[in-house]
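K.L.:
Questions regarding the structure given below will be posed in turn.
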Amino acid sequence: MATFDRRAFLRTSGLAGLALGLAACGDTGTTTGTSSSGGGGGFGSVKLQLSWKKNVEFAGEYFADTNGYFKAAGFSQVELLSGGGSGTSVESGLATGRCWAGLSAPTITAPAVLQGAPLKIVGATFQKNPFAIISLSKNPIEKAADLVGKKIGVQDSNELVWNAVLKANGIDAAQVTRVPFQSDPSMLTSGQLDGYVGFVTSGPVNLRMKGHDPAYLLLADAGLPLVAETFTVTQETIDNERDKLKAFLTAEIKGWKDAVANPAKAAELAATVYGKDQNLDVKEQTEEAKMQNELVVTDDAKANGLFTMTPELIEQNISSLSKAGLTIKAEQLFDLSILNEIYQADPSLKLS
Numbered sequence: 012m013a014t015f016d017r018r019a020f021l022r023t024s025g026l027a028g029l030a031l032g033l034a035a036c037g038d039t040g041t042t043t044g045t046s047s048s049g050g051g052g053g054f055g056s057v058k059l060q061l062s063w064k065k066n067v068e069f070a071g072e073y074f075a076d077t078n079g080y081f082k083a084a085g086f087s088q089v090e091l092l093s094g095g096g097s098g099t100s101v102e103s104g105l106a107t108g109r110c111w112a113g114l115s116a117p118t119i120t121a122p123a124v125l126q127g128a129p130l131k132i133v134g135a136t137f138q139k140n141p142f143a144i145i146s147l148s149k150n151p152i153e154k155a156a157d158l159v160g161k162k163i164g165v166q167d168s169n170e171l172v173w174n175a176v177l178k179a180n181g182i183d184a185a186q187v188t189r190v191p192f193q194s195d196p197s198m199l200t201s202g203q204l205d206g207y208v209g210f211v212t213s214g215p216v217n218l219r220m221k222g223h224d225p226a227y228l229l230l231a232d233a234g235l236p237l238v239a240e241t242f243t244v245t246q247e248t249i250d251n252e253r254d255k256l257k258a259f260l261t262a263e264i265k266g267w268k269d270a271v272a273n274p275a276k277a278a279e280l281a282a283t284v285y286g287k288d289q290n291l292d293v294k295e296q297t298e299e300a301k302m303q304n305e306l307v308v309t310d311d312a313k314a315n316g317l318f319t320m321t322p323e324l325i326e327q328n329i330s331s332l333s334k335a336g337l338t339i340k341a342e343q344l345f346d347l348s349i350l351n352e353i354y355q356a357d358p359s360l361k362l363s
């Protein structure tokens, strides 16, 4: 690996942030907040940088805190730092020491690693990336080939993943009319668009709540399988704080098991506690929690445990990254050995 130039990386980290912008979430608010486990612990206090503002997307973290799993694991406090704003990428936070761990995505972490940042992905909450082409059932986009001749809304921050899905399906960009888009679903319902790139966890839910009948095509099912909400840490943490990282991930596993089992409670924690200043709707957040469970709990996750990635899934991600113009080796980006050790030591942590 090339020598890591911290200053050069920070100057260009904005490019990495554009790699897979999370603007499609459509949330507002700037809270950073603190998630306190209270009490004492051998591992002290750490900061976890979220990939976006505090909504139900981070339900597992809320449960791990609320139910005392972080405290039981030995942490006196786990502070949850809101993401989504300018200069708040996990990768830059790890580079500056603003956070100890973070939730990101391969298309953001890979460019940082290729620039020399000593980072690794050690687990993936979402086994499937929530990015999708969202349309209406009266004019559905059900497969990649249906994009040809359509008007699709794409935010600038999602350009990389948009170009990658076109390449993955052999579609010339000239065959699709790309329309500037700022997450306004009325452009779809009014007929200005045939579809738009957005999050499957929020877009269809919002449309249904407004009386529309949505359809969607996950990019993961359209030739671009990628994980998301990936646990990202420095190589130094893996090398020198392995037990601490194991304790943290164990608490996260327990929190996400609770979140998966109780979407309604997950929504309540998001709307009334952790994201209470964002005017979140509990009903909407409950439906989003149910949708995201389908991305978190796959057959492989059931068999091997939450956050794990099979060798096949890792290679699929590497292939998808190459379509996005990011040529990187699996061992440069992923290290699933910590999770493997956790589940070997305690198989009961797997979903029952």
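Numbering (the numbering used here), first residue to last: 12 to 363.
No residue lacks a Cβ here, since even glycine has one placed at the ideal position from N, Cα and C.
What number of angstroms, rounded off, separates the C-alpha of LEU230 from the C-alpha of GLY53?
P.N.:
Cα-Cα distance, rounded: 42 Å.
K.L.:
When DSSP labels each residue in this structure, what does LEU360 get in the three-state scheme?
P.N.:
Looking at LEU360 - three-state DSSP - the assignment turns out to be helix.
K.L.:
Report all residues from its chain with a CB closer than 7 Å to the CB of LYS301; omit the five preceding and five following residues, and keep chain order.
P.N.:
So the list reads PRO274, once near-sequence residues are dropped.
K.L.:
Please state if the CB of GLY104 and the CB of GLN60 are separated by a distance shorter than 8 Å.
P.N.:
Yes, the pair counts as a contact, with Cβ atoms nearer than the cut-off.
K.L.:
Can you name, in chain order, every residue of its own chain whose Cβ lies under 6 Å from the Cβ of ASP311, other than the five neighbours on each side?
P.N.:
So the qualifying residues of the chain are THR321.
K.L.:
Return the bridge partner residues of VAL73 from the DSSP annotation.
P.N.:
Inspection of the sequence shows that residue 73 is occupied by Tyr rather than by Val. Answer is none; TYR73 lacks a bridge partner.
K.L.:
Alpha carbon to alpha carbon, how far is ILE144 from LEU324?
P.N.:
Roughly 21 Å between the two C-alpha positions.
K.L.:
Need the endpoints of the alpha helix (DSSP H) that PRO117 sits in, please.
P.N.:
Unbroken alpha helix (DSSP H) run through PRO117: 117–125.
K.L.:
Report the option in ALA135, GLY160, ALA262, THR120 whose CA atom is closest to the CA atom of PRO129.
P.N.:
Comparing Cα-Cα distances from PRO129 to each of ALA135, GLY160, ALA262, THR120, the minimum goes to THR120.
K.L.:
Would you kindly check if the distance between the Cβ of ALA258 and the Cβ of GLY95 is under 8 Å?
P.N.:
No, they are not a contact pair.
K.L.:
Just tell me which of LEU347, SER363, PRO122 has its CA closest to the CA of LYS265.
P.N.:
Looking at the Cα atoms, SER363 is the closest of the given residues.
K.L.:
If we ignore side chains and look at the alpha-carbon of each, how far apart do LYS276 and SER93 end up?
P.N.:
Computed Cα separation, rounded: 20 Å.
K.L.:
Taking the beta carbon of GLY49 as the centre, do at least 16 other beta carbons fall within 10 Å, making it buried, or is it exposed?
P.N.:
Note that GLY49 has pLDDT 40, beneath the 50 cutoff, so the model's placement of it is unreliable and no number is given.
K.L.:
What first and last residue would you give for the beta strand (DSSP E) that runs through GLY164?
P.N.:
Residues 162–165.
K.L.:
Once you ignore the five residues that flank GLU247 on each side, which residues in its own chain have a CB closer than 8 Å to its CB?
P.N.:
Excluding residues within five positions, the ones whose Cβ falls inside 8 Å are PRO129.
K.L.:
Leaving out five residues before and five after ALA270 in sequence, what residues of the same chain have Cβ atoms less than 6 Å from its Cβ?
P.N.:
Once the five neighbours on either side are set aside, the close Cβ partners of ALA270 are ALA70, GLY71, PHE74, ALA277.
K.L.:
On a Cα-Cα basis, can you pick out the residue from ASN66, LEU235, VAL57, GLY55 that is closest to VAL284?
P.N.:
If we check each option's Cα against that of VAL284, ASN66 comes out closest.
K.L.:
Do VAL307 and GLN138 count as a contact pair if the criterion is CB distance below 8 Å?
P.N.:
Yes, these two residues count as a Cβ contact at 8 Å.
K.L.:
Tell me, please, which residues DSSP counts as bridged to PHE86.
P.N.:
In DSSP, PHE86 forms a bridge with GLY55.
K.L.:
Below 8 Å on the Cβ atoms is my guess for TYR227 versus PRO215; work out the distance and round it to an integer in Å.
P.N.:
About 5 Å; that satisfies the 8 Å criterion.
K.L.:
Would GLY206 pass as a contact of LYS161 if the rule is Cβ separation under 8 Å?
P.N.:
Yes, they are a contact pair.
K.L.:
Is the Cβ-Cβ distance between ALA335 and THR118 less than 8 Å?
P.N.:
Yes; because the gap between Cβ atoms is below 8 Å, this pair is in contact.
K.L.:
Using the Cα positions of ALA282 and GLU295, report the straight-line distance between them to the nearest angstrom.
P.N.:
Distance between the alpha carbons of ALA282 and GLU295 is about 10 Å.
K.L.:
Got a sec? Which residues, its chain only, sit under 7 Å from LYS313 by beta carbon, not counting five neighbours each side?
P.N.:
The answer, listed in chain order, is LEU362.
K.L.:
Please go through the same chain and pick out, in chain order, the residues whose beta-carbon is closer than 6 Å to the beta-carbon of ASP38, but skip the five residues on each side of it.
P.N.:
In this prediction, ASP38 has a pLDDT of 34, which is less than 50 and means its spatial position is unreliable; what the coordinates show is noted afterwards. Closer than 6 Å at Cβ, skipping near neighbours: LYS64, ASN66.
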